[in-house]
Amino acid sequence: MNVRIDEELCIGCGSCQEICPAVFHLNEEIGKSVVIDPEACEFVGCCEAAAENCPVEAITIE
Ligand code: SF4
20 MNVRIDEELC IGCGSCQEIC PAVFHLNEEI GKSVVIDPEA CEFVGCCEAA AENCPVEAIT
80 IE
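Adding 19 to a residue's 1-based position in the sequence shown gives its number in our numbering.
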C-alpha cells in the first residue's frame with residue numbers, strides 16, 4: 020500500500036494529521052502535510068478515514 024499527498028491540492032488544514040498521526044504530519048513551515056510513514060497505512064487503519072475527510076481530496080491510497 021502506498022499513500023501520497025498532492026501538494027498542489029493540500030491546503031494545510033491538518034485534518035489528516037489529526038485523524039492519522041502515525042502517517043501524516045502537518046509541516047507548518049510550508050503549510051502542507053507530508054507523509055511520514057506510508058508503510059504504517061498497512062496496520063494503523065486510519066489512512067482511509069484521513070483520505071475521506073480531506074476537504075480537497077489530496078490524499079491518494081494505492
Ligand atoms: S487533510 Fe488534505 S488538505 Fe488537509 S492537511 Fe491533510 S492533505 Fe492537506
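Even for Gly, the Cβ is constructed at its ideal location relative to N, Cα and C.
- Around the Cβ of L45, a 10 Å sphere holds 16 or more other Cβ atoms; the residue is buried.
- The Cβ neighbour count for A68, taken over all protein chains shown within 10 Å, is under 16; the residue is labelled exposed.
- The alpha-carbon of G31 is positioned some 4 Å away from that of K51.
- According to the DSSP assignment, I38 belongs to no beta strand (DSSP E) but to the alpha helix (DSSP H) extending over S34 to I38.
- Here I78 is buried: its Cβ has 16 or more other Cβ atoms, across all protein chains shown, within 10 Å.
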